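Peer 1: Be aware that the sequence shown starts at 4, since it is given in the working numbering, and climbs by one per residue.
Beta carbons: idealized from backbone N, C-alpha and C, even for Gly.
All values reported here derive from a predicted model rather than from experimental measurement.
The structure that follows is given in the form of structure tokens.
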Amino acid sequence: MKEIVSLEDARRVYRMGQNIVTALNGVSFTINEGEFVSLMGPSGSGKTTCMNLIGCLDRPTSGIVRIGGENISLLNDNAFAALRSRTLGFVFQQYHLIPSMTVLENVMLPLRYQGVEKSRWKELAARALERVNLGDRMSHLPHELSGGQNQRAAIARAVVGNPKIILADEPTGALDSHTGKTVLSIFSEINAAGATVIIVTHDPVVGAQAKRLIKILDGKIAQEG
Ligand SMILES: Nc1ncnc2c1ncn2[C@@H]1O[C@H](COP(=O)(O)OP(=O)(O)OP(=O)(O)O)[C@@H](O)[C@H]1O
Ligand SMILES: [Mg+2]
């Protein structure tokens, strides 16, 4: 098993004027390539903070975070951004699609930042949309789609460049339970196709879908399954 994510005593402290918030208080775990992990814990426990480190959106205050073998604290901003766009795909609770762009254009967007040849954008984006069963909605604008369809489009955007790691922060939080299940099954398929999937959730049903559970409480690991 090849390690793809590793945190060693990772801390993240936010300073706000006089106040110090310790969002992550010495977290250690390793995730191997191809795992499907759910990260669970109450509101404010540090899940998003942890995902921001894994997603190369933020660096630890102390401790070591390695993504794809790279210690992210040692990378300059350009190398950090390059690692992010090459290795990671993101799915958020509120989809974050660009409202003025069609679904196809939204899904094409990451390819530009990954340096993929322009002539291939359309074909790759269409293929990603077919993977999430949205082949017949490509020219729609996000507001012309249902919540579940928006989230499937967001998943297509996350996977279009074939990243090794898919991070999803409450991806079913805005969906009804039936639609949530459909979206979850897509994550399972993406995982079965080889990607490492890490999902933050409050929902035990979603958590049970993952093959491994990491529980976080007050910025520390509470339980590792
Ligand atoms: N940018 C920030 N500045 C200051 N404090 C922050 C910042 N981001 C998060 N925090 C604090 O860090 C702690 C962990 O926040 P985090 O967003 O990681 O929680 P979470 O587990 O994702 O919660 P939720 O389930 O509500 O999304 C919280 O106490 C929060 O208030
Ligand atoms: Mg959060």
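Are the region 160-177 and the region 198-217 touching, with three or more C-beta to C-beta distances below 8 Å?
Peer 2: Result yes; three or more Cβ-Cβ pairs closer than 8 Å.
Peer 1: Is any heavy atom in ligand 2 found nearer than 7 Å to the beta carbon of Lys218?
Peer 2: Along the sequence shown, read from residue 1 onward, the residue named residue 218 stands at position 215. It does not: the Cβ of Lys218 is nowhere closer than 7 Å to a heavy atom of ligand 2.
Peer 1: Starting from the C-beta of Asn194, find all residues in its chain whose C-beta is less than 7 Å away, skip the five residues before and the five after it, and write them out in chain order.
Peer 2: Residue 194 sits at position 191 when you count from the first residue of the sequence shown. Excluding positions up to five away in sequence, the list reads Phe39, Val200.
Peer 1: Say the cut is 7 Å; is the CB of Thr51 nearer than that to a heavy atom of ligand 2?
Peer 2: Position 48 of the sequence shown, counting from 1, holds the residue named residue 51. Yes, since a heavy atom of ligand 2 falls inside the 7 Å radius drawn around the Cβ of Thr51.
Peer 1: Under a Cβ-count criterion, where at least 16 other Cβ atoms within 10 Å of its own Cβ denotes burial, should Gly118 be classed as buried or exposed?
Peer 2: Working through the sequence shown from its first residue, we reach residue 118 at position 115. Counting Cβ neighbours within 10 Å, Gly118 comes out exposed, since fewer than 16 surround it.
Peer 1: For Ala131 and Gln21, I'd like the C-alpha separation in whole angstroms.
Peer 2: Along the sequence shown, read from residue 1 onward, the residue named residue 131 stands at position 128. Along the sequence shown, read from residue 1 onward, the residue named residue 21 stands at position 18. In a straight line, the C-alpha of Ala131 is about 47 Å away from that of Gln21.
Peer 1: Chain C beta carbons: is any one of them nearer than 8 Å to that of Gly47?
Peer 2: Checking the listed chains, one finds no chain C in this structure; it contains a single protein chain.
Peer 1: How would you write the range of the beta strand (DSSP E) that Asn81 sits in, first residue to last?
Peer 2: To locate residue 81, count along the sequence shown from 1; it is residue 78. Premise fails: Asn81 lies in the alpha helix (DSSP H), 80-90, not in any beta strand (DSSP E).
Peer 1: Quick test of your reading: Pro166 and Leu91, contact by CB under 8 Å. State the CB separation rounded to the nearest angstrom.
Peer 2: Position 163 of the sequence shown, counted from the start, is the residue given in the question as residue 166. Position 88 of the sequence shown, counted from the start, is the residue given in the question as residue 91. With a Cβ gap of about 5 Å, Pro166 and Leu91 count as contacting.
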